[in-house]
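Colleague: In the numbering used here, the protein residues as written are 1 to 220. Have a look at this one.
Dropping the structure here:
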């Protein structure tokens, strides 16, 4: 990461599913509904959004309540995105396959107002989500990553808003990266950057396990 999230935040697909669940599908869209034989409740809704004969959206339902929506955005027969919903129909999370091969390797979690709160990434695409990015007001503010697969973070990044950024620039930039070089669970080294990405200084935190970092040693 260099100040730009590697995950595109998609808009929720719940409106599409609810529209298709009505008695008439939206114009140009074809849908197929499957119902529970015992209860008669809607269980699955398959939609061909662009009407080309290939299903690209599947909604898993409990009547009118949506559990999740699976989307094949490039129509290659594999799911690219999973939208998960709470019982109040608000978006809880969105899973992604970043290379469109049906493997979920990223997931975004949403807070109030369906604003992204954090993004979890599987950098090895092995089912382990080892990097977490935290967002405030839509901007990346910090992240933590387990780079050696021992189950705990050993790399921490902080970000700041890029005031006056042009449309071609990221809205935030990296301000520091900290590393746990010993495996003790806290940073021993931190690199500070200016807004252009140049190193300002390096701080080290000597000690034998204390997490007190109030007296770093600077190396400029």
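Every residue, glycine too, gets a C-beta built ideally from N, C-alpha and C. Here the structure is a predicted model, which is why all the values come from computation and not from measurement.
Please name the residue in 122, 195, 56 and 95 whose C-alpha comes closest to that of residue 30.
Modeller: Nearest option by C-alpha distance: 56.
Colleague: By the 10 Å Cβ neighbour count, where 16 or more other Cβ atoms means buried, how is residue 65 classified, buried or exposed?
Modeller: Answer is exposed; the Cβ neighbour count stays below 16.
Colleague: Inspect the beta-carbon positions of residue 121 and residue 106 and report whether they are closer than 7 Å.
Modeller: Going by C-beta atoms, residue 121 is nearer than 7 Å to residue 106.
Colleague: Hey, could you find the ends of the beta strand (DSSP E) residue 155 is sitting in?
Modeller: Segment 155 to 161, the beta strand (DSSP E) holding residue 155.
Colleague: Are residue 108 and residue 94 closer than 7 Å when you measure CB to CB?
Modeller: A contact, by the Cβ cut-off of 7 Å.
Colleague: Cα-Cα, which of 124, 79, 133 and 188 is closest to residue 148?
Modeller: Nearest of 124, 79, 133 and 188 to residue 148, Cα basis: 124.
Colleague: Cutting at 6 Å between CB atoms, please list the residues of its own chain near residue 165, excluding the five before and the five after it.
Modeller: Excluding sequence neighbours, residue 165 sits near 171.
Colleague: Using only the alpha-carbon positions, how far apart do residue 58 and residue 46 sit?
Modeller: Looking at the two C-alpha atoms, the distance is approximately 4 Å.
Colleague: Of all the options 113, 97, 150 and 99, which has the alpha carbon lying nearest to the alpha carbon of residue 89?
Modeller: Considering only alpha carbons, the answer is 113.
Colleague: Using alpha carbons as the reference points, say which of 167, 186 and 175 lies closest to residue 202.
Modeller: It is 175 whose Cα lies nearest to the Cα of residue 202.
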